[in-house]
Amino acid sequence: MKKTICLIICLIGALSFAQNKNARATIEVDGVCLMCKTRIEKACFKTKGVKSAVWDVKTHELSLIYDERKTNLETIKASVLEVGHDTKDQKATDEAYASVHPCCKYRDEAVKDDHREDAD
Amino acid sequence: MKAIIFMLLLMPAWLFSQEQIEGVILEADKENKNLVLAGANVYWLNTTVGAVTDIDGRFKIPYQLDYKKLVISFIGFQTDTITVSSAKHIKHWLKPTDNLEEVTVTSRKQATAKSYLKATNTFTVSSDELLKAACCNLAESFETNPSIDVNFADALTGTRQIKMLGLTSPYILIATENIPSIRGASQAFGLSFIPGTWVESIQITKGAGSVVNGYESIAGQINAELVKPATDDRVYVNGYGASSLRTELNTHINKKVSERWDTGLYLHGNSHQAEHDVNHDGFLDMPKYNQINVMNRWQYTNPEKGLVSFINLKFLNDEKQTGQLNFDPNTDKLTTNAWGSEIDTRRYEVSGKIGYVNPNIPYQSIGVQAAFSSHEQESYFGLNTYNITQNSLYTTAIYNSIISDSRHKIKTGLSYAYDHYDEFVNALNLDNNYERTEYAIGAFFEYNYDNLEKLNLTAGVRIDHHNLLGTFITPRFHAKYTPWEKSAFRMSFGRGKRSANIFAENQNMFATSRAFNILNSTGNIYGLDPEIAWNYGVSYLQGFNLFGRKADITLDYYKTDFTNQVVVDYENPLEVTFYNLEGKSYANSFQAELNYNAFEQFDMRLAYKYYEVKTAYKSGLLDKPLVPKHRLFANLSYETQLSENGKHWKFDTTFNWLGEQRFSSTVSNPVAYQLPEYTPTVTTLNAQVTRVFSPKFEVYFGGENITNLRQSNPVMAANDPFGANFDTTFVYGPIFGSLYYAGFRLKL
Chain A
1 MKKTICLIIC LIGALSFAQN KNARATIEVD GVCLMCKTRI EKACFKTKGV
51 KSAVWDVKTH ELSLIYDERK TNLETIKASV LEVGHDTKDQ KATDEAYASV
101 HPCCKYRDEA VKDDHREDAD
Chain B
1 MKAIIFMLLL MPAWLFSQEQ IEGVILEADK ENKNLVLAGA NVYWLNTTVG
51 AVTDIDGRFK IPYQLDYKKL VISFIGFQTD TITVSSAKHI KHWLKPTDNL
101 EEVTVTSRKQ ATAKSYLKAT NTFTVSSDEL LKAACCNLAE SFETNPSIDV
151 NFADALTGTR QIKMLGLTSP YILIATENIP SIRGASQAFG LSFIPGTWVE
201 SIQITKGAGS VVNGYESIAG QINAELVKPA TDDRVYVNGY GASSLRTELN
251 THINKKVSER WDTGLYLHGN SHQAEHDVNH DGFLDMPKYN QINVMNRWQY
301 TNPEKGLVSF INLKFLNDEK QTGQLNFDPN TDKLTTNAWG SEIDTRRYEV
351 SGKIGYVNPN IPYQSIGVQA AFSSHEQESY FGLNTYNITQ NSLYTTAIYN
401 SIISDSRHKI KTGLSYAYDH YDEFVNALNL DNNYERTEYA IGAFFEYNYD
451 NLEKLNLTAG VRIDHHNLLG TFITPRFHAK YTPWEKSAFR MSFGRGKRSA
501 NIFAENQNMF ATSRAFNILN STGNIYGLDP EIAWNYGVSY LQGFNLFGRK
551 ADITLDYYKT DFTNQVVVDY ENPLEVTFYN LEGKSYANSF QAELNYNAFE
601 QFDMRLAYKY YEVKTAYKSG LLDKPLVPKH RLFANLSYET QLSENGKHWK
651 FDTTFNWLGE QRFSSTVSNP VAYQLPEYTP TVTTLNAQVT RVFSPKFEVY
701 FGGENITNLR QSNPVMAAND PFGANFDTTF VYGPIFGSLY YAGFRLKL
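Residue numbers (the UniProt record's numbering), protein chains in the order written: chain A, 1 to 120; chain B, 1 to 748.
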């Protein structure tokens, strides 16, 4: 319990240009390890228009650069949820969550503890 | 549990009762316009207390006295950690990320870092590794690295020559901050012209390198990053003295001259005036020399605009004198009174670099580099004279971006290189001025695909138009595949092409009585054709745990096939002959390397290498002379735990064993001057101890070749240096025997 340290930060940050070709946003996505990182980032790239997606294992921050004319944050979020990762405001379906690798079950306290070192 | 519930109940009250800090986060820019950053993250270090800036860049965050460090981050910007000592209003400018110097960021924890991720077989040698041996210059900084062999080039100059995959340095592209620097006239001695303390890190790529750095590399690429004025110590002094009476002093002075400009002045002096002749052959075992090396660097950093720039000015003066003990250059130069040699080099360099990273789109960047150098060497070896002047200009522009998303990266650009050589050679059979101008304009494109999981590949191609080599295409390909955790399968292939500077690269042969022959005469470079080779390689890296400790093993196999080569034929002991390859020439190399962190603070590195380097000489397909087929290498290093005041000890030792090496044929010599077919094996041991007194001061002492191994007769016909059989090129091992040194490093 004491170890349950997870940074509660970030909301949605997008530069306020309409139809920005290189819109930037940061959202919080839950996950535990480098495998999650790959899964999350790959999910983002599934959406056409995402140019850069970098998820930080430590801060759970997903930094995005995307073309607003082709996609939007909701679509990207949906892709992330689809592969089983919760965002700050939405939970992935149990089905989707079930699809993540057993060692990446980030909702499980024991798994989180296991990965404590990875994050450091 | 109760305590936790209690705490949770109290939380809201606690939140309201405490102080709040307010602030605003802005984007740093030159005019200090107030561009606010919405959505930036602000949180207290090591806590869960955080906030996000609103549309006006403002935030509110709870504050307690024990919160000291506030972390501010936003994508595309550098994460800043600021110290907050009281609950005052915070106004902070965040700087856009600048990934121009990405290449130089190396982990301090590991002295040599192998990449599991890159497509190329590249490893980075950090400055920590460089400190394991008192490396006075770049040539000596590879002593603890099994991938690069360091050999003595000849019995006179003490010059060390490096080899990779069994091929000597002309086949390795050696760059300083990605500008090809040791080539042409500086090929033979250039590595000793870069002082060790100037080097921040070295990246070594085995096999075909990137097309970005040109078409010349065949066996591999070595890039040395130099220390940067903005990050190097304000004042750094390194003093060194050896039992051979060699002394050396390095001084760095760095200064911030304005908000955006930093400058550094780097001085290197190296002197050896003592005369040694431990084998009593009448010849100096190492030259007497003086080297002065000065560099002035200017660094401009403007993160708001995403600009970084470097301007470097360098000057070198190097004077060597060697030969017989009784040789006096004033009276004996170019006479038969006594055999002697002087090699004087002067070199000027100016280089500049400017890089721009789009602050809004961090994966887009443009870099432009330009370097001009003038190299002048005047030398004579006994009665042979060799002078060379080379003026060079190198420019390149690189654009980095992505196609559709950041898994597909591209690099593209243009380069232009100009070299003017002016040589004078007076030796047996030759009395000539050679002059030539080379220029090449090229365009390159490199694509990198990283599927974020198992596959990473780089495919590059460049097309160059060269006035002497013609118009040609250079393809290079690298791929990495990770089938399971901590592994990397790599493969690569690529083509390299270059013009051989036959005299500059083989200067050691002037210190012989050999006659010079250049066969063929229809080619464009000394009548010879350009060298062309293909390099193919596979490697496998696996990290694992052995008895609970980290280990990794690397196996690699590389093959270099020459389509054309300028063969340097020493097989007749009275001649040296250059000609275009007819038939096969290849270098195959296999290396197995094990790194193991056997216990806390103790690292070991073991390697075995096998080389098969063969060339079709006029006298048949033969092993290249003086390349050992088998080599063993071991490096052990141990550090004691850092004590509270920063004191500790560091121990490092390197063992090398070289198998027998083929001597070029001497069968036609009189019996007294005949050598066996193979050399004896060579075993050397180096060790160094460093005592760190504080982060600011340390002392080191060490020994090279502690077992005192010596080659007994490095100079053939030493008693008759003007006779037909005089030769100093049959060198396979140390000449001087063991050498001890001590030094200090002071950082302020």
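Glycine is no exception: its CB is placed at the ideal position from the N, C-alpha and C atoms.
Closest residue to residue i among the options (Cα-Cα distance)
i, options, result
"Asn597 of chain B", "B:Val308, B:Lys550, B:Ala139, B:Glu639", "B:Lys550"
"Tyr380 of chain B", "B:Thr345, B:Val368, B:Thr684, B:Ser392", "B:Thr345"
"Ala515 of chain B", "B:Val538, B:Ile532, B:Phe578", "B:Phe578"
"Pro180 of chain B", "B:Ser513, B:Leu156, B:Thr157, B:Gly209", "B:Gly209"
"residue 750 of chain B", "B:Tyr43, B:Gly23, B:Asp56, B:Glu22", "Not covered by the structure: residue 750 of chain B. The range shown for chain B is 1 to 748."
"Ile253 of chain B", "B:Asn296, B:Asp285, B:Leu658", "B:Asn296"
"Phe658 of chain B", "B:Tyr611, B:Trp44, B:Val699", "The sequence as given places Leu at residue 658 of chain B; Phe does not occur at that position. Closest by alpha carbon: B:Tyr611."
"Leu528 of chain B", "B:Arg498, B:Gln688, B:Gly548, B:Arg462", "B:Arg498"
"Asp66 of chain B", "B:Gly50, B:Ser664, B:Leu45", "B:Leu45"
"Ser712 of chain B", "B:Val689, B:Phe693, B:Asp277, B:Phe489", "B:Asp277"
"Asn312 of chain B", "B:Asn387, B:Glu275, B:Ala370, B:Phe327", "B:Ala370"
"Phe444 of chain B", "B:Tyr700, B:Thr458, B:Tyr171, B:Ile398", "B:Ile398"
"Lys255 of chain B", "B:Glu225, B:Gln299, B:Ala219", "B:Gln299"
"Thr389 of chain B", "B:Ser258, B:Ala185, B:Thr412", "B:Ala185"
"Ile665 of chain B", "B:Thr168, B:Val576, B:Ala687", "Per the sequence shown, residue 665 of chain B should be read as Ser rather than Ile. Among B:Thr168, B:Val576, B:Ala687, the Cα nearest to that of Ser665 of chain B is on B:Val576."
"Asn302 of chain B", "B:Asp328, B:Trp261, B:Thr679, B:Ile292", "B:Trp261"
"Pro530 of chain B", "B:Gln203, B:Ile502, B:Gly548, B:Thr554", "B:Ile502"
"Asp328 of chain B", "B:Ile735, B:Lys454, B:Gly50, B:Gly340", "B:Gly340"
"Tyr447 of chain B", "B:Ile402, B:Asp419, B:Lys486, B:Thr471", "B:Ile402"
"Thr654 of chain B", "B:Gly382, B:Asn384, B:Thr168, B:Asn635", "B:Asn635"
"Met286 of chain B", "B:Glu349, B:Ser244, B:Lys95", "B:Ser244"
Enclosing alpha helix (DSSP H) for residue i [first to last residue]
i, result
"Phe503 of chain B", "502–505"
"Val211 of chain B", "Counting along the chain, Val211 of chain B falls outside any alpha helix (DSSP H), and DSSP gives it neither H nor E."
"Pro475 of chain B", "Element bounds for Pro475 of chain B: not the alpha helix (DSSP H) but the beta strand (DSSP E), 470–481."
"Ser79 of chain A", "73–82"
"Thr412 of chain B", "Element bounds for Thr412 of chain B: not the alpha helix (DSSP H) but the beta strand (DSSP E), 405–427."
"Ala511 of chain B", "From DSSP, Ala511 of chain B is part of no alpha helix (DSSP H); its letter is neither H nor E."
"Ile361 of chain B", "Where Ile361 of chain B is concerned, there is no enclosing alpha helix (DSSP H), given that its DSSP letter is neither H nor E."
"Asp529 of chain B", "Neither: Asp529 of chain B is in no alpha helix (DSSP H) and is coded neither H nor E."
"Leu574 of chain B", "From DSSP, Leu574 of chain B is part of no alpha helix (DSSP H); its letter is neither H nor E."
"Glu319 of chain B", "Counting along the chain, Glu319 of chain B falls outside any alpha helix (DSSP H), though it belongs to the beta strand (DSSP E) covering 307–323."
"Ala96 of chain A", "94–98"
Range covered by the beta strand (DSSP E) that runs through residue i
i, result
"Val237 of chain B", "235–242"
"Tyr67 of chain B", "Neither: Tyr67 of chain B is in no beta strand (DSSP E) and is coded neither H nor E."
"Asn330 of chain B", "Looking at the DSSP string, Asn330 of chain B is not in any beta strand (DSSP E); the run it does join, the alpha helix (DSSP H), is 329–332."
"Phe444 of chain B", "430–450"
Proximity test, residue i beta-carbon vs the ligand MG heavy atom, cut-off 7 angstroms
i, result
"Gly583 of chain B", "Within the structure as shown, the ligand MG is missing, as the structure has no ligands at all."
Between the segment 21–39 of chain A and the segment 82–92 of chain A, do three or more beta carbon pairs fall short of 8 angstroms? The segment 82–92 of chain A and the segment 21–39 of chain A touch, with three or more beta-carbon pairs separated by less than 8 angstroms.
Does the contact criterion of 3 or more C-beta pairs under 8 angstroms hold for the segment 236–248 of chain B versus the segment 293–313 of chain B? Judged by pairs of C-beta atoms under 8 angstroms, the segment 236–248 of chain B does not touch the segment 293–313 of chain B, as fewer than three such pairs exist.
Touching by the beta-carbon criterion (3+ pairs, under 8 angstroms), the segment 331–338 of chain B and the segment 126–142 of chain B: Cβ pair count under 8 angstroms is below three, so no.
Under 8 angstroms, with one C-beta from each stretch per pair, do the segment 196–203 of chain B and the segment 478–498 of chain B reach the 3-pair mark? Segments in contact, no.
Any residues in the segment 35–56 of chain A with a beta carbon nearer than 7 angstroms to a beta carbon of chain B? Which ones, in chain order? The residues in question are Thr38, Glu41, Lys42, Phe45, Val50, Lys51, Ser52.
Could you run through the segment 442–464 of chain B and flag, in chain order, every residue whose CB is less than 9 angstroms away from some CB of chain A? Correct list: Asn451, Leu452, Glu453.
Whole alpha helix (DSSP H) runs in the UniProt domain "TonB-dependent receptor plug" (122–220) of chain B with 4 or more residues, listed along the chain? Listed in chain order, they are 127–130.
For the segment 385–412 of chain B, enumerate the residues whose C-beta is nearer than 8 angstroms to any C-beta of chain A, in chain order. Answer in chain order: Ile402, Ser404, Asp405, Ser406, Arg407.
Report yes or no: do the segment 242–249 of chain B and the segment 215–232 of chain B share at least 3 C-beta pairs separated by less than 8 angstroms? The segment 242–249 of chain B vs the segment 215–232 of chain B: no contact.
Check whether the segment 419–433 of chain B and the segment 451–468 of chain B touch, using three or more Cβ-Cβ pairs below 8 angstroms as the test. No: fewer than three Cβ pairs fall under 8 angstroms.
Tell me, please, whether the segment 603–621 of chain B touches the segment 563–583 of chain B by the rule of three or more beta-carbon pairs shorter than 8 angstroms. Yes: the two stretches touch, three or more of their Cβ pairs being nearer than 8 angstroms.
Listed from N- to C-terminal order along the chain, which residues in the segment 54–76 of chain B have their beta-carbon within a distance smaller than 8 angstroms of any beta-carbon of chain A? Within the segment 54–76 of chain B, contact with chain A at the beta-carbon level (separation under 8 angstroms) is assigned to Ile55, Ser73, Phe74, Ile75, Gly76.
Note down, in chain order, all residues in the segment 37–48 of chain B with a beta-carbon under 9 angstroms from any beta-carbon belonging to chain A. Listed by position, the residues of the segment 37–48 of chain B near chain A (Cβ gap below 9 angstroms) are Leu37, Ala38, Gly39, Ala40, Asn41, Val42, Tyr43, Asn46, Thr47, Thr48.
By the 7 angstroms beta-carbon criterion, what residues does the segment 357–373 of chain B contribute toward chain A? Residues of the segment 357–373 of chain B with a Cβ closer than 7 angstroms to any Cβ of chain A, in chain order: Asn360, Ile361, Tyr363.
Determine, using beta-carbon pairs with one atom in the segment 434–450 of chain B and one in the segment 68–75 of chain A, whether at least three such pairs fall under 8 angstroms. Verdict: no, contact absent.
Should the segment 711–731 of chain B be called in touch with the segment 280–297 of chain B, which here means at least 3 C-beta pairs below 8 angstroms? Segments in contact, yes.
Within the chosen definition, does the segment 45–65 of chain A reach the segment 403–418 of chain B through at least 3 CB pairs nearer than 8 angstroms? Result yes; three or more Cβ-Cβ pairs closer than 8 angstroms.
Given a limit of 8 angstroms on CB to CB distance, which residues of the segment 58–89 of chain A reach chain B? Here the close residues are Thr59, Glu61, Ser63, Leu64, Ile65.
Determine, using beta-carbon pairs with one atom in the segment 153–169 of chain B and one in the segment 645–660 of chain B, whether at least three such pairs fall under 8 angstroms. They do not touch, by the three-pair rule.
Would you list, in sequence order, the uninterrupted beta strand (DSSP E) runs of no fewer than 3 residues that lie entirely inside the segment 593–679 of chain B? Uninterrupted beta strand (DSSP E) stretches at least 3 residues long and entirely within the segment 593–679 of chain B occur at 602–617, 620–623, 630–639, 648–658, given in chain order.
Just checking, does the segment 660–676 of chain B make contact with the segment 624–643 of chain B on the three C-beta pairs under 8 angstroms criterion? Yes: the two stretches touch, three or more of their Cβ pairs being nearer than 8 angstroms.
Chain-ordered residues of the segment 94–110 of chain A with a beta carbon less than 8 angstroms from chain B: Taking a C-beta cut-off of 8 angstroms against chain B, none of the residues of the segment 94–110 of chain A qualify.
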